[in-house]
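Quick notes on the structure that follows.
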Amino acid sequence: MATDKVLVGVLAIQGAFIEHVKMLGRAAKQLDCESRVQVVEVREPSQLAELAGLVIPGGESTTMSLFFGKNLFGELLKSWTEKRAVLGTCAGLILLSNQLEGQKEGGQALIGGLDVTTSRNSFGRQVDSFEATLKLADPALHSNQSLTTIGSHAPLTTSQCAAKPDEYHGIFLRSPRILSVDKPEVKVLATLESEGKATPVAVRQNNLMATCFHPELTTDTRWHCYFLKMCMKMS
Ligand code: GLN
């Protein structure tokens, strides 16, 4: 169906896709572009043609790799991601990485495009999941928002909230780690600082953006606002 709207898709085959749909809706409201943007759940490769951007949600990258092996999605996305905006969160980052360590036995199909080396489950298993204050490197992401987690997470106390405009409260669930940024074109958008070391946890390379954490599980819409602006520029 032809439309004048900027169509932004969320891959809806597994994982936290509903949360991303809701966050994109909130972000559109915040940016006052609700009438221009339409958010759609994507289940069929044929839907890709009309989209300005796509979110590949967290969940389980091996499930998505298997799914891509059974239809045209995987192959189509490889060329599609060259021209459209993509946000990969957690398992989505794994799929967008050009180099992956800790792959499922026998390997797994990736989309690629991001010049990073990523390690699956490198922040630990489900029990090692954590929340942490991140430093935002890109001023475009700086601002103060009220940070209350939603979904199955308990509301945050004030002390858990990122207090400064250049900070963000990140939720890491069985998250991948970015072991290295392999090309100068890859911009680090956020870092996790510990023991004097800053580890990249969000990156952007041209039209591709990815996070190790789950921005859809907070009420802080900064990542989704940033992504919507990318989508609107692509359309
Ligand atoms: N460890 C998962 C994987 O390999 C990713 C976890 C997540 O997306 N929260 O796909």
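Here the sequence shown is numbered in my numbering, starting from 17 and rising by one per residue. Glycine included, each C-beta is placed from N, C-alpha and C at the ideal position. Please read all numbers here as calculations on a predicted model, not as lab measurements.
query	result
D131 in three-state terms, based on DSSP	strand
Under the three-state DSSP convention, the category V197 falls into	strand
7 Å Cβ shell around L88 - same chain, five flanking residues per side excluded	P61
Closer than 7 Å: P192 CB and nearest ligand 1 heavy atom	yes
Helix, strand or coil at V202 [DSSP, three-state]	coil
Interface flag, R220 vs chain D, CB-CB below 8 Å	Absent from the structure is chain D; it holds one protein chain and no more.
Beta-bridge partners of R220, as assigned by DSSP	K203 and M225
F84 versus G108 - alpha carbon distance	13 Å
Three-state secondary structure assigned by DSSP to A156	helix
Contacts around F243, its chain only, beta-carbon distance under 6 Å, and the 5 residues preceding and following it disregarded	L103
H185, DSSP secondary structure in three states	strand
Near ligand 1: N137 beta-carbon under 7 Å from a heavy atom	yes
Cβ-heavy atom distance, G74 to ligand 1, below 7 Å	yes
Range of the contiguous beta strand (DSSP E) that encloses G118	Element bounds for G118: n/a, residue is neither H nor E.
E147 beta carbon less than 8 Å from that of I110	no
Three-state secondary structure (DSSP) of F243	helix
Backbone CA spacing between I139 and P192 [nearest angstrom]	At residue 139 the sequence reads Phe, which differs from the Ile that was named. Answer to the nearest angstrom: the Cα atoms are 6 Å apart.
Separation of L195 from V58, as counted between CA atoms	30 Å
Cβ-heavy atom distance, L189 to ligand 1, below 7 Å	yes
Proximity test, I29 beta-carbon vs ligand 1 heavy atom, cut-off 7 Å	no
Which of helix, strand or coil DSSP assigns to E211	coil
CB-CB length for G129 against L112, believed under 8 Å	6 Å
Sufficient close CB pairs (3 or more, under 8 Å) joining the region 68–85 to the region 117–136	yes
Outcome for G25 when other beta-carbon atoms lying within 10 angstroms are tallied against a minimum of 16	buried
Runs of alpha helix (DSSP H) lying entirely within the region 46–89, each at least 4 residues, in chain order	77–85
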